[in-house]
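Here is the structure we will look at, set down as structure tokens.
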Amino acid sequence: EAGVVQSPRYKIIEKKQPVAFWCNPISGHNTLYWYLQNLGQGPELLIRYENEEAVDDSQLPKDRFSAERLKGVDSTLKIQPAELGDSAVYLCASSLVAGAGEQFFGPGTRLTVL
Amino acid sequence: KQEVTQIPAALSVPEGENLVLNCSFTDSAIYNLQWFRQDPGKGLTSLLLIQSSQREQTSGRLNASLDKSSGRSTLYIAASQPGDSATYLCAVRGNTPLVFGKGTRLSVIA
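Protein chains in written order, with this note's numbering: chain E, 316 to 429; chain H, 17 to 126.
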């Protein structure tokens, strides 16, 4: 069974440029999460989807960040425009059971903003 | 607000030693607690999930315990190996989204 797939694995951009990350969850997992992980810290939730609905986006900086999961399967997280402080690892996770189910993580996308 | 603390922040042990990693959380009203492993530059690998009604879970050389009332969990690694070297993260799920600790960076020296 394939795990959570993320692309790209690495991205280097100039500040003020846009960037997008893609995630494909484990097949059959209706819940999808996007996390931000800074160096030396644990991941922090940005947004959680139940199917195509964003049910928790309170930590998503909506002035520059956006996300979508149009068909309730794969998802895209976008930053526009990127700032130096956005340099981090962006992790996607999925779970079979909503809410308190075990979460499985992808390899992440390491973003560097110059 | 739930806060998760992991002690120690880093640990170095000789191969073959048994070791314990600690995780504490401030709000005992949790649904479950999950232990993860993270290798450098990689994502998180789920090791063990303990539901709030459980006291412990075991997988191979790993054993995780949960004392919800005192807000503590431990991850016991038996007969450590160099391949166990990684950062270990615990995370708790309650009414808030999954809240992570900062992790314990483990080095097992051959």
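For every residue, glycine included, the Cβ atom is placed at its ideal position computed from N, Cα and C.
Check each residue of the segment 358-381 of chain E: if its Cβ is closer than 7 angstroms to any Cβ of chain H, include it; give the result in chain order.
-> 358, 360, 363, 371
Beta carbon of residue 382(E), beta carbon of residue 332(E): below 8 angstroms?
-> no
At least one CB of chain H closer than 8 angstroms to the CB of residue 418(E): is that the case?
-> yes
In terms of residue numbering, what span does the beta strand (DSSP E) encompassing residue 89(H) cover?
-> 88-93
With a 10 Å radius around its C-beta and 16 neighbouring C-beta atoms as the bar for buried, classify residue 325(E) as buried or exposed.
-> exposed
Residue 105(H) versus residue 405(E) - alpha carbon distance | 16 angstroms
With a cut-off of 8 angstroms, does the C-beta of residue 60(H) fall near any C-beta of chain E?
-> yes
Could you tell me which residues DSSP pairs with residue 27(H) in its beta bridges?
-> Partner(s): 122(H).
Cβ shell of residue 370(E) (< 8 angstroms), same chain only, five flanking positions each side left out | 363, 364
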